[in-house]
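Notes to accompany the following structure.
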Amino acid sequence: MKKEDVKYGAYVQILKEELVPAMGCTEPIALAYAAAKAREVLGEKPDTVKIGASGSIIKNVKSVIVPNTDHLKGIPAAAAAGIIAGKPEKELEVIAEVSKEQIEEMKDFLQNADISVEYVDNGITFDIIVTETKGESSATVRIANYHTNIVLIEKNGQVLFEEKVEGEKEEGLTDRSLLNMKDILDFAETVDIEDVREVIGRQIRYNTAIAQEGLKGNYGANIGSVLLEMEGDNIRVRAKAMAAAGSDARMNGCELPVIINSGSGNQGMTCSLPVIEYAKELNSGEEKLYRALTLSNLVAIHQKTGIGRLSAYCGAVCAGAAAGAGIAYLHGGGYEEIAHTVVNALAIVSGIVCDGAKASCAAKIASSVEAGILGYNMYKCGQQFYAGDGIVTKGVDETIRNIGRLGKEGMRETNVEIIDIMVGEGCK
């Protein structure tokens with residue numbers, strides 16, 4: 001692909017838009033960001049906070065530890081962290097710098113402030129509305145469709161900023177419909193490494209660091225450590241264990257940042273860490289690794305484009321298939337090997353549901369990475385799943401479209417049921 005090609009510039013920009021740092025699980029951090037921005041607009045600490053959240057936000061914030069809060073969980077905790085310690089200019093690193101005094105202030109705020117949470121359904125999956133009040137003054141901030149997309153700022157009833165929300169369109173982002181598997185591979189093989197060095201290099205550093213911390217520390221169910229204890233440390237196990245360990249740490253309060261993919265730190269780690277481990281094992285060298293990660297990241301984004309940011313379809317499935325694509329590339333695979341790897345992986349684990357962010361995400365990640373590795377080895381052994389085998393159809397992009405339909409439309413009611421199971425009736 002030539003630099004002057006429209007898709008070349010678009011693919012570079014998509015990587016820059018998606019591969020950004022985030023501290024902690026991205027949904028509570030988005031909520032903290034909204035709360036921090038509302039406090040900035042209000043100009044003082046509120047005594048009343050009203051939070052409106054779509055069902056998928058409620059689902060993904062309910063059970064995960066908010067970093068830099070001394071292990072507080074839940075929507076009020078995320079909002080309190082943003083109000084007390086948030087720096088809105090840092091967006092998804094909004095609570096990266098928190099003092100011990102601020103943590104104590106958060107706890108006091110949670111005890112004494114009037115904080116309410118309500119389910120809202122404005123026809124979109126990703127919706128956060130935070131209204132903060134102090135005396136007669138109030139401020140409202142709304143984030144819609146993706147984690148940093150502020151669409152409304154109000155103060156004392158006066159609109160200071162507003163962007164129209166048109167369904168689930170991601171206004172302001174590069175057109176993801178330009179992505180397809182052949183062009184993604186072409187781009188990965190021809191991109192000037194300097195054009196992706198910053199984003200890919202940062203992903204390698206950040207995600208490796210949190211995975212190593214996950215293996216050293218005691219986080220959640222310690223799935224990464226369990227895998228190594230159970231199965232040894234061959235490359236297939238290490239690839240799964242590193243991705244799982246990163247999630248162990250991130251879901252359970254580790255204060256290290258990650259580089260996300262498709263709005264998710266778990267997906268960012270899943271599509272990168274197994275590829276990094278295989279590159280070490282194969283002595284692939286820096287350039288080959290950067291190209292493999294360019295491929296795996298864009299393949300993950302391509303799959304998630306049809307599904308959307310949040311769904312009952314587990315995003316780790318897409319990221320695991322994408323990791324399989326990167327691993328196939330490191331082994332010298334071309335388009336056929338990579339395409340079949342992705343289709344095979346999706347056929348194996350597309351039934352995994354998302355029931356919110358929490359410790360078990362790490363185990364789902366391990367299963368998804370295993371499927372990516374199995375999908376590649378199936379093709380190496382002359383085996384594959386064929387069109388008509390369930391949701392598999394002829395062509396990798398066509399199968400990815402089926403996955404998008406399944407995740408976005410087919411699992412819409414599943415998502416409602418999951419949320420009702422988790423938080424009780426009232427989300428329909």
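Position 124 (the sequence shown) corresponds to 124 in UniProt numbering; numbering is contiguous. Think of the CB as a built atom: it goes at the ideal place given N, C-alpha and C, for glycine as much as any other residue.
Exercise for the section: Tell me, to the nearest whole angstrom, how far the beta carbon of G404 is from that of G306; I am working on the premise that it is less than 8 Å. Expected result: The residue labelled residue 404 in the question sits at position 404 within the sequence shown. The residue labelled residue 306 in the question sits at position 306 within the sequence shown. Sure, about 2 Å apart at Cβ, within 8 Å.
Exercise for the section: With A322 as the anchor, note down where its beta strand (DSSP E) starts and where it stops. Expected result: Taking the sequence shown and counting its residues from 1, the one referred to as residue 322 is at position 322. For A322, there is no enclosing beta strand (DSSP E); the residue is part of the alpha helix (DSSP H) that begins and ends at 315-330.
Exercise for the section: Please specify which runs of the alpha helix (DSSP H), each continuous and at least 4 residues long, are wholly inside the segment 50-76, giving them in chain order. Expected result: If you keep only unbroken alpha helix (DSSP H) runs of at least 4 residues inside the segment 50-76, you get 55-61.
Handout entry: Residue interval of the beta strand (DSSP E) (run including Y119)
Key = Here the question's residue 119 lines up with position 119 in the sequence shown. Here the beta strand (DSSP E) through Y119 covers 114-119.
Practice task
Output the boundary residues of the alpha helix (DSSP H) element that contains G23.
Solution key: By 1-based counting over the sequence shown, the position of residue 23 is 23. The sequence shown places Met at residue 23, rather than the Gly named in the question. Run containing M23: none in the alpha helix (DSSP H); it sits in the beta strand (DSSP E), 21-23.
Handout entry: Reduced DSSP secondary structure (H/G/I, E/B, other) of L298
Key = Looking up residue 298 in the sequence shown gives position 298. Correct three-state label for L298: helix.
Exercise for the section: Report the three-state DSSP secondary structure of D5 (helix, strand or coil). Expected result: Locating residue 5 in the sequence shown gives position 5, where the first residue counts as 1. Three-state result, D5: coil.
Problem - Strand pairing of P257, partner residues [DSSP] - result: Counted from its first residue, the sequence shown places residue 257 at position 257. Beta-bridge pairing links P257 to M23.
Handout entry: Per DSSP, the bridge partner or partners of Q158
Key = One-based indexing of the sequence shown puts residue 158 at position 158. For Q158, which the question treats as bridged, DSSP gives the partners K155.
Problem - Buried or exposed (CB count within 10 angstroms, at least 16 for buried), D127 - result: Numbered from 1 along the sequence shown, position 127 holds the residue referred to as residue 127. The Cβ neighbour count for D127, taken over all protein chains shown within 10 Å, is at least 16; the residue is labelled buried.
Problem - Per DSSP, the bridge partner or partners of I14 - result: Translated into the one-based positions of the sequence shown, residue 14 becomes position 14. I14 is not bridged to any residue.
Problem - Cβ-based neighbour list, T148, same chain, cut-off 8 Å, excluding 5 preceding and 5 following - result: Taking the sequence shown and counting its residues from 1, the one referred to as residue 148 is at position 148. A30, Y33, E91, L92.
Exercise for the section: Could you tell me if V275 is buried or exposed, where buried requires 16 or more neighbouring beta carbons within 10 angstroms of its beta carbon? Expected result: Reading the sequence shown from its first residue, position 275 is the one you call residue 275. V275 should be labelled buried.
Problem - Close-in-space but distant-in-sequence residues of the same chain around D355 (CB under 6 Å, 5 per side omitted) - result: Start at 1 with the first residue of the sequence shown, and residue 355 comes out as number 355. So the list reads I418, once near-sequence residues are dropped.
Practice task
Identify, in the order they occur along the chain, each residue of the same chain with its Cβ nearer than 7 Å to the Cβ of C314, setting aside the five sequence neighbours on each side.
Solution key: Locating residue 314 in the sequence shown gives position 314, where the first residue counts as 1. In chain order, I352, V353, C354, K364 place their CB closer than 7 Å to the CB of C314, counting only its own chain and leaving out the 5 sequence neighbours on each side.
Exercise for the section: Please name the residue or residues paired with R142 in a DSSP beta bridge. Expected result: One-based indexing of the sequence shown puts residue 142 at position 142. Answer is I129, L152.
Handout entry: H302 burial status per 10 Å Cβ neighbour count (16 or more: buried)
Key = Mapped onto the sequence shown, residue 302 falls at position 302. Its Cβ being crowded by 16 or more others within 10 Å, H302 is buried.
Practice task
Report back the beta-carbon spacing between V349 and A371 to the nearest angstrom; my notes put them in contact at under 8 Å.
Solution key: Here the question's residue 349 lines up with position 349 in the sequence shown. Here the question's residue 371 lines up with position 371 in the sequence shown. The Cβ separation is near 4 Å, so the contact holds.
Handout entry: Beta-bridge pairing of V353 - partner residues as DSSP gives them
Key = As a first step, residue 353 is located in the sequence shown; it is residue number 353 there, counting from the start. Partner(s): Y313.
Exercise for the section: Please classify K134: does DSSP put it in a helix, a strand, or coil? Expected result: On the sequence shown, position 134 is the one that residue 134 refers to. K134: strand per DSSP, three-state reduction.
Handout entry: Runs of alpha helix (DSSP H) lying entirely within the segment 231-257, each at least 4 residues, in chain order
Key = 235-251
Exercise for the section: Using three-state DSSP, classify T48 as helix, strand or coil. Expected result: For the purposes of this step, residue 48 is identified with residue 48 of the sequence shown, where counting begins at 1. Strand, per DSSP.
Handout entry: Nonlocal neighbours in the same chain, by C-beta distance under 7 Å from K16, ignoring five residues either side
Key = Counting from 1 along the sequence shown, the entry for residue 16 is found at position 16. So the qualifying residues of the chain are V199.
Exercise for the section: State buried or exposed for L227, treating a residue as buried only when at least 16 other CB atoms are found within 10 Å of its CB. Expected result: Working through the sequence shown from its first residue, we reach residue 227 at position 227. Buried, since its Cβ has 16 or more Cβ neighbours within 10 Å.
Exercise for the section: Under 8 Å by Cβ, that's how I've got S137 and L310 pegged, so tell me the actual separation to the nearest angstrom. Expected result: Along the sequence shown, one-based indexing puts residue 137 at 137. Along the sequence shown, one-based indexing puts residue 310 at 310. Contact doesn't hold; Cβ gap of about 32 Å is too wide.
Practice task
Report yes if the CB atom of A79 is closer than 8 Å to the CB atom of A35, and no otherwise.
Solution key: One-based indexing of the sequence shown puts residue 79 at position 79. One-based indexing of the sequence shown puts residue 35 at position 35. Yes, Cβ-Cβ distance for A79 and A35 is below 8 Å.
Handout entry: Cβ contact check for the segment 259-266 and the segment 19-28: 3 or more pairs under 8 Å
Key = Flag = yes, the segment 259-266 and the segment 19-28 touch.
Practice task
Go to T393, then tell me how far its alpha helix (DSSP H) extends in each direction, as first and last residue.
Solution key: Taking the sequence shown and counting its residues from 1, the one referred to as residue 393 is at position 393. Here T393 belongs to no alpha helix (DSSP H), and DSSP marks it neither H nor E.
Handout entry: Nonlocal neighbours in the same chain, by C-beta distance under 7 Å from Q13, ignoring five residues either side
Key = Taking the sequence shown and counting its residues from 1, one reaches residue 13 at position 13. Result list for Q13: T174, in chain order.
Exercise for the section: Out of A347, N266, V159, state which residue places its alpha-carbon closest to the alpha-carbon of T26. Expected result: As a first step, residue 26 must be located in the sequence shown, where it is residue number 26. With distances taken between Cα atoms, T26 lies closest to N266.
Handout entry: Range covered by the alpha helix (DSSP H) that runs through Y378
Key = To locate residue 378, count along the sequence shown from 1; it is residue 378. It is Met, not Tyr, that sits at residue 378 in the sequence shown. That run of the alpha helix (DSSP H) goes 361-380.
Exercise for the section: Whole angstroms is fine: what's the gap from L298's alpha carbon to S225's? Expected result: Numbered from its first residue, the sequence shown carries residue 298 at position 298. Numbered from its first residue, the sequence shown carries residue 225 at position 225. So the two alpha carbons sit approximately 29 Å from each other.
Problem - Start and end residues, alpha helix (DSSP H) containing A221 - result: The residue you call residue 221 lines up with position 221 of the sequence shown. No alpha helix (DSSP H) holds A221; DSSP gives it neither H nor E.
Exercise for the section: Please classify M422: does DSSP put it in a helix, a strand, or coil? Expected result: Here residue 422 refers to the residue found at position 422 of the sequence shown. Helix.
Exercise for the section: Identify the continuous alpha helix (DSSP H) that holds V199 and give its terminal residues. Expected result: As a first step, residue 199 is located in the sequence shown; it is residue number 199 there, counting from the start. It spans 193-216 - the alpha helix (DSSP H) in which V199 sits, taken as one unbroken run.
Practice task
Could you pull out every residue in the same chain whose Cβ sits closer than 6 Å to the Cβ of P46, ignoring the five residues on either side in sequence?
Solution key: As a first step, residue 46 is located in the sequence shown; it is residue number 46 there, counting from the start. So the qualifying residues of the chain are E132, T133, K134.
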